[in-house]
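Chemist:
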Amino acid sequence: MDKQILQIAQDIKEMKIRGAAKIGRTVATALKIEAENFKGKDTNEFIKDIKETSRFLLETRPTAVSLENALRFVLLELNKGFTNGEDIDTLKKITINAADEFCENSNLALERIAEIGSKRIRDGDVIFTHCNSSMALAIIKKAHRDGKKIKVFADETRPRLQGLLTAKELLEEGIDVTLIVDSAARIFIREADHVIIGADAVAANGAVVNKVGTATLASIAHEARVKVIVAAETYKFHPQTYCGELIEIEERDIFEVISEEDYKKLKGLKVKNPAFDVTPPEFIDLIVTEKGIIAPQAAILVLKETYGLGLFEKELWED
Ligand code: RUB
């Protein structure tokens, strides 16, 4: 495996590269790098190598379905080429082109989601956001660039403080932003017109997996009758969930929550650190995709349109 792939995997694990959309584009690019640097001449060896690289990348962030879908997108094209008996140079080109196409689609999705989602924001609106989602922030920035005067509440997003990244990013745009601790959400939610958040995965029933704390925020927004808008490209939709598969929630290192020193002192203490949670569709008003706005209950239609109805008997990265 190319050395650059090892570095990419480490950067994703350590969250130097983070956010589902970016992770998706990064792993697609990783397959492109692997294809470009493959030195052999045997097509079977090439397929084996790309599958192995895919399996390696898959382990970095288990919840980010964009990661799986990016790999699926590239491997599906490669598989077609292989089945058609293409030679090694053509297979390499197919891999490179598919990776580029995935990244292009993802960047276009960001633009479209910003355009579509920002139409729901009115002049004077107050928005509440959680974590640091490029898709959610694209909507907010577009509304601001269109001249709408908006205010944003960003919660800290413990334990990794992605809310601070959001606050910085919005400040740089000249947007009025207030940073609060996560536990103050219920105090400020009443001032908000919308909660706008991203997604790591969308299940067939419209449930949204996003940074831990999203479900609590959505439930208090629901209680306060504040609309919850999720910004998610269609490659966040999880094809295996309509076959009953559950989305795995990543558990991260407990030392993101407590210092090693305190942990050693507090003998018998248990610590849990789930990175994501699941927001049920009842707490979500709409999902903004690059193809348009849908009710969460329509997630199944997106999945059917994108992946068809067939079950994946075997994942494309399996031997
Ligand atoms: C990031 C997170 C983001 C989604 C969507 O978690 O939960 O809300 O990934 O982001 P982490 P985007 O910091 O653990 O990666 O809209 O950029 O895909």
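Residue numbers (the UniProt record's numbering): 1 to 319. All C-beta atoms, glycine included, are put in the ideal place defined by N, C-alpha and C. Predicted model, so just to flag it, every value in this text is computed and none were measured.
(1) Compare the Cα-Cα distances from residue 307 to each of 11, 26, 73 and 59 and report the closest residue.
(2) Roughly how many angstroms separate the alpha carbons of residue 40 and residue 33, rounded to a whole number?
(3) Judging by CA-CA distance, which residue of 277, 118 and 47 is the nearest neighbour of residue 229?
(4) CA-CA distance, residue 240 and residue 67?
(5) Tell me whether residue 165 sits in a helix, a strand or coil according to DSSP, three-state version.
(6) With burial defined as no fewer than 16 other Cβ atoms inside 10 Å of the residue's Cβ, what is the status of residue 211: buried or exposed?
(7) Please report how far the alpha carbon of residue 224 lies from the alpha carbon of residue 129, in whole angstroms.
(8) Output yes or no for whether 9 Å exceeds the beta carbon distance between residue 381 and residue 303.
(9) Within 10 Å of its beta-carbon, does residue 133 have 16 or more other beta-carbons around it, so buried, or fewer, so exposed?
(10) Note down, one range per segment and in chain order, each beta strand (DSSP E) of at least 3 residues found wholly within the stretch 117-191.
(11) Please state whether the Cβ-Cβ distance between residue 173 and residue 141 is less than 9 Å.
(12) At what residue ranges does the stretch 234-295 contain a whole run of the beta strand (DSSP E), taking only runs of 3 or more?
Modeler: Reading from the atomic positions:
(1) 73
(2) 14 Å
(3) 118
(4) 14 Å
(5) helix
(6) buried
(7) 15 Å
(8) Past the boundaries of the shown model lies residue 381; the chain is included only from 1 to 319, so the question cannot be answered.
(9) buried
(10) 126-129, 151-155 and 176-180
(11) yes
(12) 276-279, 286-289 and 292-294
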